[in-house]
Amino acid sequence: MQKLKLEHFKIIQSDGFKKVELISIKDFIKLTELLKQNIVFVKETNESELINRDFLMIHDGIEYKISGKTFQNIDDYEDASDKGFENPEEYYKAKQGGYVDYKEYIEFKSSGISDRNAFKKAQKLGFTDNYEDFKSKLDKYNKIIPEDFDISNYDNATKLYLYAVNGGFKDFGDFSKAFFFGFSNKITADEAKQMGFTYGREFEEAISLGFENIREFQEARHLKIKNKAEYNQFNFFRSYNKKNYGFDGIQLIEALKQCENCKKISLKKLKEIIETEKEKYKINIDENGNKILPEWYLCKLTSDEQIANFLYENEDIKDYGFYDPDGDYFEISLINTSTIYIDGSNVAFSSMQRTANIRPYYANIIALAKQLKQMRYKNIEVIVDASLCKIVEDVHLIHSLKKEVSYVEAPAKTSADEYLIENVKKNKCFLISNDTFRDWKMKDAWIAENIDDYRIPFVKNTDGSYSLPALEAKNR
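If you're matching positions, the sequence shown starts at 564 in the working numbering and goes up one per residue.
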């Protein structure tokens, strides 16, 4: 025998089962279906301005009733129950506003947002569905997310959506991906990515300190450099320091560049210059309150001997003068780059072929002078023996030559070589000549020590132009 299936219905009261009042609208609807009743009576009662309704059904002399509160009809009551509404007033407001169910209605109502479009977009773009998961991640990523973010200001999905939209994000996925790396603004996130940064806090710190990319910032942090200005100072020394000089040596060279030409500076004064220059970089404070150099600053000139050796042996410093170890002084001897001398006879005799019958030509000097002008030398002085004009093959070009250069003949009883050397020694100018001045080096210690720093050798090319690699190197 098949067991009879029983249906259970919760009731409030019964009057000898002549009147039965049910609790649930769902039970009431189910009962009408079981009893195959399609007629429901409505009993209205006015209370103040509201109309309360009871829904009734009669079957076999028994009255079945459910309180309909202020629902307008039983269909609305059933729909409200299905959507989670218990309060008829809330149900009709939600229905008028187009809300899907009670949860959605309450979320909007509690959001404090009057813009329903924003609420709907928060739903559409994933903020509503992902809001709880978003909150659960905040503690885990607390040290990464934007420092000024306070979840209490965004206690619902709509507020979080507006926060993201104001930051330029298109949807929750776009926002979440940037936010949990510390970015509250899409433009900033994209800029940081282009500059190589992954995390927002790191990017903000780097920008506040003036850095322009992750490489610079990380290197500076490793070197305990505080900001971009200090990093630029370090970078200056590094770019200069191709020969592993100490930074104090580089500062000394830079200081000597500014000194008056031909000035003699004692070793004691040089030490004072070094200390004065180092003071500019004492940007840190020790535990006693004294200014100290940063850790990255490399010192190599800490004794008289080290300074003297640096001045005497360093090739770069010879561009600015020379050190006399006997007198313990450094004489400034800066090369004058505004004027350039030409060994007239040496260039006039220049030829692509080495033969015993080479003749001098003014045209050679003219070609060289024009080339020097293209290299932006304006003051070009040609020094020659008085006899040159008597042996050149193209003496008629003398006027053309004098338009290009300052043409100077050595004084009587003075050779052109001697006059050239005197002028170079006095004015510290470059001299274009293939003469090595070997004999003169044996006579004069200054010439032996310095002339090769001023002399520019040349090669005449097959097209008549001149190669001056030493001068090109000095002009870089």
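Note that CB positions come from ideal geometry on N, CA and C, so glycine has one too.
| query | result |
| --- | --- |
| Given 8 Å, three or more beta-carbon pairs between the region 1025-1037 and the region 929-939 | yes |
| Proximity winner among Gln600, Val910, Leu723, Tyr803, relative to aspartate 998 (alpha-carbon distances) | Val910 |
| Asparagine 807 versus Tyr924, Cys862, Asp753, Phe743, residue with shortest Cα-Cα distance | Cys862 |
| Rounded Cβ spacing between lysine 881 and aspartate 1002 (contact assumed at less than 8 Å) | That pair is no contact at about 22 Å. |
| C-alpha gap between isoleucine 614 and asparagine 729, whole angstroms | 46 Å |
| Burial state of methionine 1005 (16 or more Cβ within 10 Å) | exposed |
| Residue range of the unbroken alpha helix (DSSP H) whose run includes aspartate 639 | 637-645 |
| Cβ-Cβ separation, glutamine 814 to glutamate 842 (assumed contact under 8 Å), whole Å | That belief does not hold up - the Cβ atoms of glutamate 842 and glutamine 814 are roughly 10 Å apart, past 8 Å. |
| Rounded C-alpha distance that separates leucine 951 from lysine 941 | 24 Å |
| For isoleucine 946 and proline 923, believed in contact at Cβ under 8 Å, the rounded distance | At roughly 14 Å, the Cβ-Cβ gap does not stay under 8 Å, so proline 923 and isoleucine 946 are not in contact. |
| Runs of alpha helix (DSSP H) lying entirely within the region 738-819, each at least 4 residues, in chain order | 749-757, 763-771, 777-785, 791-803 |
| Stretch-stretch touch, CB-based, cutoff 8 Å, three pairs: the region 590-605 with the region 618-628 | yes |
| Three-way DSSP call (helix, strand, coil) for threonine 900 in this model | strand |
| Arginine 616, buried or exposed, once every other Cβ within 10 Å from all chains shown has been counted against 16 | buried |
| Alpha-carbon spacing of tyrosine 724 relative to glutamate 775, whole angstroms | 31 Å |
| Residue environment, proline 651, which counts as buried when at least 16 other CB atoms sit within 10 Å | buried |
| Nonlocal neighbours in the same chain, by C-beta distance under 6 Å from aspartate 734, ignoring five residues either side | Leu688, Gly689 |
| Cβ-Cβ distance between glutamate 670 and alanine 720 below 8 Å | yes |
| Limits of the unbroken beta strand (DSSP E) element including valine 947 | 942-947 |
| Cβ pair aspartate 891, isoleucine 816 closer than 8 Å | no |
| 8 Å contact criterion, which alanine 643 and tyrosine 654 should meet: CB distance rounded | 4 Å |
| Buried or exposed by the 16-neighbour rule on C-beta atoms within 10 Å, applied to phenylalanine 580 | exposed |
| Alanine 979 versus glutamate 894: straight-line alpha-carbon distance, rounded | 27 Å |
| Test item: CB-CB of phenylalanine 760 and isoleucine 788 under 8 Å | no |
| Cβ-based neighbour list, phenylalanine 744, same chain, cut-off 7 Å, excluding 5 preceding and 5 following | Ile707, Thr761, Tyr762, Gly763 |
| Cβ distance (whole Å) where lysine 991 is taken to contact asparagine 824 below 8 Å | 7 Å |
| 8 Å Cβ cutoff met for lysine 698 and isoleucine 714 | yes |
| Bridge partners - histidine 959, DSSP secondary structure assignment | The partner list for histidine 959 (beta bridge, DSSP) is empty, contrary to what the question assumes. |
| Per-residue burial, valine 663 [other beta carbons within 10 Å of its own, 16 or more giving buried] | exposed |
| Nearest-angstrom beta carbon gap, asparagine 847 and isoleucine 855 [assumed within contact, 8 Å] | 5 Å |
| Three-state secondary structure (DSSP) of glutamine 686 | helix |
| Boundaries (first-last residue) of the alpha helix (DSSP H) holding aspartate 711 | That residue, aspartate 711, is in no alpha helix (DSSP H); it is neither H nor E in DSSP. |
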